[in-house]
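Here is the structure we will look at, set down as structure tokens.
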Amino acid sequence: HPRPHLDSLTTRERDILAALGRGLSNADIAAELAITEATAKTHVSRVLAKLDCTSRVQAAIIAKEAGLA
Numbered sequence: 064h065p066r067p068h069l070d071s072l073t074t075r076e077r078d079i080l081a082a083l084g085r086g087l088s089n090a091d092i093a094a095e096l097a098i099t100e101a102t103a104k105t106h107v108s109r110v111l112a113k114l115d116c117t118s119r120v121q122a123a124i125i126a127k128e129a130g131l132a
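Residue 64 is where the sequence shown starts when you use this note's numbering, and the numbers rise one by one after that.
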């Protein structure tokens, strides 16, 4: 299927996508980016929605294909 448009992601969302690509949990993402776990969860949800992913695994694959992970 067509490659999702990563252009729609903010810089922070790209950071989140890269973290997903490395298999980080919400807690790990929060610690790494110095944000709360709730904020990390919100960002993850937005990234999944923007990339039309149904799971973190799908997002991780996209991150790896895009060379972000």
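In this text, a Cβ means the ideal position worked out from N, Cα and C, and glycines have one as well.
Pairing A126 with G84 gives a Cβ-Cβ distance under 9 Å. Contact between L72 and V110 holds, with the beta-carbon distance rounding to 7 Å and staying under 8 Å. Each residue's CA atom was taken as its position, placing I124 and L114 some 11 Å apart. The beta carbon of A129 sits closer than 7 Å to those of L69, all from its chain and outside the five residues before and after it, given in chain order.
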